[in-house]
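Structure first, commentary second.
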Amino acid sequence: DGVVRFENVRFAYDPARPILRGVSFDVPAGRTVAIVGPSGAGKSTLSRLLFRFYEPQAGRILVDGQDIAGVRQASLRAAIGMVPQDTVLFNDTIGYNIRYGRWDATPAEVRAAASLAQIDRFISALPEGYDTPVGERGLKLSGGEKQRVAIARTILKGPPILVLDEATSALDSFTEREIQDALDTVSQGRTTLVIAHRLSTVVNADEIIVLDKGVIVERGDHATLLEQD
Ligand code: ADP
Ligand code: ADP
């Protein structure tokens, strides 16, 4: 059913420099929890631990009640869809890029995923810089549009849990809002952990956790956190 739980997680890349100093939170089934905080706070490290790229030095991480220390990375990747900050596209159409890893998907399924992620108008286009037919130019996709391709790919795979690393740092506010709309749509009814750079992009999260220097310094919904500012 997709429940994620961090229990007093401690982690350091370098033992002399703790990055996470006892972080605990839950993402209940079907809910959206956002982690916000300044660059270097440890947000991306949380998602790397969730996929077992690294192991916590203390505490534990549970998915559906099971300590992930005993779960293979391949199983975690099947259960948890990751939308990264930077999406590298394959040398083929946007539609192919969305179908990647779900070769059994029907064209209607691919279109539905593309439409949810609001990238359907580009489905048969080739990204710029690839083998476009002579006389044609490839499509120049913005960072936000590339991220929407990744969102559509994740929707099509349909994992019960989503991790979204927001690519908002390089986006203008119009694109940021569009991405936010797409994220709101795909996180409906899914267990979603959003790594966000700004409070303004996670208005609809059920809970917002503010992380600073590896410690949770505030938590609440958007309105509550704004009152405290
Ligand atoms: P963001 O803008 O998302 O907060 P950062 O600028 O902090 O990202 O880091 C970008 C990426 O560089 C991180 O995802 C991390 O993998 C990598 N990184 C950051 N600091 C280090 C480091 N000291 N050693 C190795 N990799 C690092
Ligand atoms: P955030 O996502 O909040 O920007 P990160 O989790 O990427 O923060 O990084 C937290 C801290 O860990 C930063 O000080 C960063 O420089 C450091 N860091 C990140 N990745 C590595 C790494 N692979 N090796 C060493 N230090 C790292």
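Per UniProt numbering, the very first residue in the sequence shown carries number 370; after that it's consecutive. Every residue gets a Cβ at the ideal spot worked out from N, C-alpha and C, and that includes glycine. Note that the structure is a prediction, hence the values are computed from the model and not measured.
Open item on the list: For ligand 2, I want to know if residue 414 counts as a neighbour, meaning its beta carbon is within less than 7 Å of at least one of the ligand's heavy atoms.
Closed with: Yes, Cβ of residue 414 sits closer than 7 Å to a heavy atom of ligand 2.
Task: Contacting residues, own chain, Cβ-Cβ under 6 Å from residue 427 (five flanking each side not counted) - done: Contacts found: 379.
Task: Contact between the region 389–397 and the region 583–590 (3+ Cβ pairs under 8 Å) - done: Three or more Cβ pairs drawn from the region 389–397 and the region 583–590 lie within less than 8 Å of each other, which places the two stretches in contact.
Task: Cutoff 6 Å; reference residue 579; Cβ partners in own chain excluding five residues on either side - done: Close CB contacts of residue 579 within its chain, under the 6 Å cut and outside five residues either way in sequence, are with 405, 406, 586, 587 (chain order).
TODO: With hydrogens ignored, establish whether the beta-carbon of residue 382 is closer than 7 Å to any heavy atom of ligand 2.
DONE: Under cutoff, so the answer is yes.
- [ ] Going by DSSP, name the residue or residues bridged to residue 392.
- [x] 378.
Open item on the list: Given this structure, state the Cα-to-Cα distance separating residue 574 from residue 562, to the nearest angstrom.
Closed with: For residue 574 and residue 562, the distance between alpha carbons rounds to 9 Å.
Task: Residue from 597, 592, 553, 473 with nearest C-alpha to residue 401 - done: Proximity to residue 401 across 597, 592, 553, 473 peaks at 553, based on C-alpha coordinates.
Task: residue 424 burial status per 10 Å Cβ neighbour count (16 or more: buried) - done: Label assigned to residue 424: exposed.
Task: residue 410 beta carbon near ligand 2 (any heavy atom closer than 7 Å) - done: Within the cutoff, so yes.
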